[in-house]
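*Asks:* Going down the list, the sequences are from chains H and A.
The working numbering puts the first sequence at residues 1 to 115.
The working numbering puts the second sequence at residues 1001 to 1112.
One structure follows; several queries about it will come next.
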Amino acid sequence: AQTVTQSQPEMSVQEAETVTLSCTYDTSESNYYLFWYKQPPSRQMILVIRQEAYKQQNATENRFSVNFQKAAKSFSLKISDSQLGDTAMYFCALGPGTSGSRLTFGEGTQLTVNP
Amino acid sequence: SQTIHQWPATLVQPVGSPLSLECTVEGTSNPNLYWYRQAAGRGLQLLFYSVGIGQISSEVPQNLSASRPQDRQFILSSKKLLLSDSGFYLCAWNLGQGYEQYFGPGTRLTVT
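Written out as structure tokens, the structure reads:
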């Protein structure tokens, strides 16, 4: 069975600062995929970033980057130069590499960016 | 480009009434389709998923059911709603293993 844990239910950051959201996971598969999704107040789920476990290089998307530590089963999201529009619930998700396409989601971290 | 639609956006139904939520995907063929439910401020609970027409897998035993009458159409139904069915329902699709899921705008259901 796969599990995803987000240990920070809420976080806040000042505009223009950097914040890191934590995610740990567990899986018995050797190949898998990790994702971060953002859910703003509109509740539309938006893909932020994707990481393939067999790639050692950390994924980046503009101001968003991940720190993928495969041995520690850790997948944290760093948001640089935080903007008010980054205020949202952030979900970490784990997808299997060999046994289907269902994703396992964490419980989420509510991030508030303060002006 | 691919688009996913859900309707209705908002629904208020009395206890014991039937339910039908619809999800359609445009711009792709043979997608995997998913129904999730989300309580306020909480994570996503997978309800059903489908890898093809007529193929439905249920994750949580309850009074909801799902059907996939066409390749890009996914329907969530209930014969008699319960108060506990209230929530935010999200439909999603992907191309299979290793691919990210893309979500529709959701349906907010309130059972009174």
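Don't be surprised by glycine CBs; every beta carbon is placed ideally from N, CA and C.
(1) Kindly indicate the opening and closing residues of the beta strand (DSSP E) around S82 (chain H).
(2) Report the residues of the region 1082–1102 of chain A with a CB closer than 9 Å to any CB of chain H, ordered along the chain.
(3) Can a CB atom of chain H be found closer than 7 Å to the CB of T1030 (chain A)?
(4) Under 7 Å, CB to CB, which of the residues in the region 39–51 of chain H have a partner in chain A?
(5) So with CB distances below 7 Å, who are the chain H contacts of P1008 (chain A)?
(6) What whole-angstrom Cβ distance do T104 (chain H) and A93 (chain H) have, given they're in contact under 8 Å?
(7) For E29 (chain H) and Q69 (chain H), I'd like the C-alpha separation in whole angstroms.
(8) Are any of the Cβ atoms in chain A nearer than 7 Å to that of L103 (chain H)?
(9) Can you check whether the C-beta of P1113 (chain A) is within less than 7 Å of a C-beta belonging to chain H?
(10) Consult DSSP for S1020 (chain A) and reduce its assignment to one of helix, strand or coil.
(11) Throw me the rounded Cβ distance for the G1087 (chain A) and Q1006 (chain A) pair, which I believe falls under 8 Å.
(12) Tell me, please, whether the CB atom of P1014 (chain A) is closer than 7 Å to any CB atom in chain H?
(13) What did DSSP end up calling D1197 (chain A) once you bin it into helix, strand or coil?
(14) Mark Y1034 (chain A) as exposed unless 16 or more other C-beta atoms lie within 10 angstroms of its C-beta, in which case mark it buried.
(15) Identify, in the order they occur along the chain, each residue of the same chain with its Cβ nearer than 7 Å to the Cβ of E107 (chain H), setting aside the five sequence neighbours on each side.
(16) Would you please verify whether the beta carbon of G1054 (chain A) is less than 7 Å from any beta carbon of chain H?
(17) What residues match up with Q69 (chain H) in a beta bridge as DSSP calls it?
(18) Below 7 Å on C-beta distance, what does R1072 (chain A) contact in chain H?
(19) Is the region 42–54 of chain H in contact with the region 1091–1104 of chain A, if contact means three or more CB pairs nearer than 8 Å?
(20) What did DSSP end up calling L1076 (chain A) once you bin it into helix, strand or coil?
(21) Is the beta carbon of T3 (chain H) sitting closer than 7 Å to the one on S80 (chain H)?
(22) Identify which residue in H:A59, H:G100, H:Q8, H:L21 has its Cα closest to the Cα of K82 (chain H).
(23) My assumption, with CB atoms under 8 Å, is that Y37 (chain H) sits in contact with F91 (chain H). Please give the rounded CB distance.
*Replies:* So, to answer that:
(1) Segment: none, S82 (chain H) is in no beta strand (DSSP E) and carries neither H nor E.
(2) Under the 9 Å Cβ criterion, the region 1082–1102 of chain A contributes F1088, L1090, A1092, N1094, L1095, G1096, Q1097, G1098, Y1099, E1100, Q1101, Y1102.
(3) Note that residue 1030 (chain A) is Asn in the sequence shown here, rather than Thr. With 7 Å as the cut-off, N1030 (chain A) does not count as an interface residue toward chain H.
(4) R43, Q44, M45, L47, R50
(5) In chain order: nothing, as chain H lies at least about 15 Å away.
(6) 7 Å
(7) 15 Å
(8) yes
(9) Nothing about residue 1113 (chain A) can be reported from this structure: the residues present for chain A run from 1001 to 1112 only.
(10) strand
(11) Between Q1006 (chain A) and G1087 (chain A) the Cβ distance is about 14 Å, and since that is not below 8 Å, they are no contact.
(12) no
(13) There is no way to answer for residue 1197 (chain A), as the model of chain A reaches only from 1001 to 1112.
(14) buried
(15) Q6
(16) no
(17) H:S74
(18) Those within 7 Å of R1072 (chain A) in chain H number zero; the least Cβ separation is about 16 Å.
(19) Enough Cβ pairs lie closer than 8 Å, so yes.
(20) strand
(21) No, these two residues do not count as a Cβ contact at 7 Å.
(22) According to the sequence displayed, residue 82 (chain H) carries Ser and not Lys. It is H:L21.
(23) 5 Å
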